[in-house]
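A.B. asks: My structure is below; once you've seen it, I'll send some questions.
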Amino acid sequence: MSSDTLLARLHTLHPKLIDLSLGRAERLLAALGSPHLKLPPVLHVAGTNGKGSTVAHLRAMLEADGKRVQTYISPHLVRFHERIRLSDGLISEAKLVDVLTRCEAVNGGRPITFFEITMVAAFLAFSEDEADYCIVEVGLGGRYDSTNVLEGKLASLITPIGLDHQSFLGDTVGQIAGEKAGIIRSGTPVFSAEQVPEALAVIDAEAAMQGAPLKAAGRDWTASAAGGGWTFSDATGSLRLPMPALVGAHQIGNAALALACLRSLGIAP
Numbered sequence: 001m002s003s004d005t006l007l008a009r010l011h012t013l014h015p016k017l018i019d020l021s022l023g024r025a026e027r028l029l030a031a032l033g034s035p036h037l038k039l040p041p042v043l044h045v046a047g048t049n050g051k052g053s054t055v056a057h058l059r060a061m062l063e064a065d066g067k068r069v070q071t072y073i074s075p076h077l078v079r080f081h082e083r084i085r086l087s088d089g090l091i092s093e094a095k096l097v098d099v100l101t102r103c104e105a106v107n108g109g110r111p112i113t114f115f116e117i118t119m120v121a122a123f124l125a126f127s128e129d130e131a132d133y134c135i136v137e138v139g140l141g142g143r144y145d146s147t148n149v150l151e152g153k154l155a156s157l158i159t160p161i162g163l164d165h166q167s168f169l170g171d172t173v174g175q176i177a178g179e180k181a182g183i184i185r186s187g188t189p190v191f192s193a194e195q196v197p198e199a200l201a202v203i204d205a206e207a208a209m210q211g212a213p214l215k216a217a218g219r220d221w222t223a224s225a226a227g228g229g230w231t232f233s234d235a236t237g238s239l240r241l242p243m244p245a246l247v248g249a250h251q252i253g254n255a256a257l258a259l260a261c262l263r264s265l266g267i268a269p
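The sequence shown runs 1 to 269 under the numbering used here.
So this is what it looks like as structure tokens:
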């Protein structure tokens with residue numbers, strides 16, 4: 001059976017495409033032996049704009065340092081396989097069919113959204129792959145996004161927040177920021193891109209409530225274009241870097257967020 005056939009069938013398990021909840025994913029993960037607790041150190045990325053780019057920058061920096069990296073992103077551009085990258089490249093058709101088939105069988109026809117069951121399949125694949133780091137992009141929001149079942153994360157990253165999916169997340173930037181900041185965990189470092197004041201105030205408050213050390217663009221690091229490249233500065237010094245391969249001036253901010261996180265964790269120079 002092809003992955004396309006399996007994926008089409010998984011779309012029919014829940015009447016809604018989006019139904020934010022942690023419970024269904026937690027149930028299936030538990031039935032599969034909790035693969036989400038057997039992942040490499042996890043970097044969890046939420047936000048409105050630049051999540052995928054930040055994941056790409058994190059992966060590029062880690063791989064340049066010789067690390068083996070897994071990534072989970074959504075949506076895909078061409079093929080579903082793009083969502084799940086193992087340490088040696090995009091998931092193979094055979095492995096994708098394997099994990100989807102096992103998840104479908106264990107789920108037993110119970111209601112679960114397409115995003116939830118395919119995310120569980122990704123975590124199952126990650127748990128059976130040798131890697132140094134796992135980077136996971138939030139699907140929608142944060143607090144009730146199924147990726148928020150992750151525990152013991154290495155760090156949480158929040159890209160710029162704006163108005164998005166208001167019918168699910170709230171009508172104001174502050175409300176939406178509250179949902180995105182829901183990925184913050186007690187004692188786990190948090191890194192925030194440059195935010196509008198309303199969003200940053202919410203992130204500050206959530207980090208303080210969780211006892212999570214927060215570093216934010218503009219306060220703890222700066223980044224700007226300079227001489228055909230860009231400059232990154234934080235408390236440990238400054239770096240001159242070539243322009244990011246991804247196109248757009250905003251990519252400096254995304255790359256800086258990734259770099260600030262990895263430098264603070266002692267992973268990048």
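Think of the CB as a built atom: it goes at the ideal place given N, C-alpha and C, for glycine as much as any other residue.
#1: If you reduce the DSSP assignment to three classes, tell me which class residue 242 lands in.
#2: Near residue 125, what residues of its chain come up, given a Cβ to Cβ distance below 7 Å and the 5 sequence neighbours on each side ignored?
#3: With a threshold of 6 Å on Cβ separation, who are the neighbours of residue 28 within its own chain once the five nearest residues in sequence on each side are excluded?
#4: Please report how far the alpha carbon of residue 44 lies from the alpha carbon of residue 1, in whole angstroms.
#5: Quick one, which of 228, 258 and 59 has its alpha-carbon nearest residue 160's?
#6: Report yes or no: do the stretch 18-34 and the stretch 145-165 share at least 3 C-beta pairs separated by less than 8 Å?
#7: Assess contact between the stretch 131-142 and the stretch 40-54, defined as three or more Cβ pairs (one per stretch) separated by less than 8 Å. Is contact present?
#8: If I follow the unbroken beta strand (DSSP E) through residue 44, where does it start and stop?
#9: What whole-angstrom Cβ distance do residue 131 and residue 68 have, given they're in contact under 8 Å?
#10: Based on the DSSP output, what are the partners of residue 215 in its beta bridges?
#11: Suppose contacts are defined by Cβ-Cβ distances below 7 Å. Is residue 228 in contact with residue 202 by that definition?
#12: Mapping the DSSP letters down to three states, classify residue 5 as helix, strand or coil.
#13: I need the boundaries of the beta strand (DSSP E) containing residue 85, first residue and last residue.
#14: Comparing alpha-carbon positions, which option in 212, 207 and 254 lies nearest residue 225?
C.D. replies: By the coordinates alone:
#1: strand
#2: 84, 86, 91, 95 and 99
#3: 107 and 120
#4: 32 Å
#5: 258
#6: yes
#7: yes
#8: 42-46
#9: 4 Å
#10: 191
#11: no
#12: helix
#13: 84-86
#14: 254
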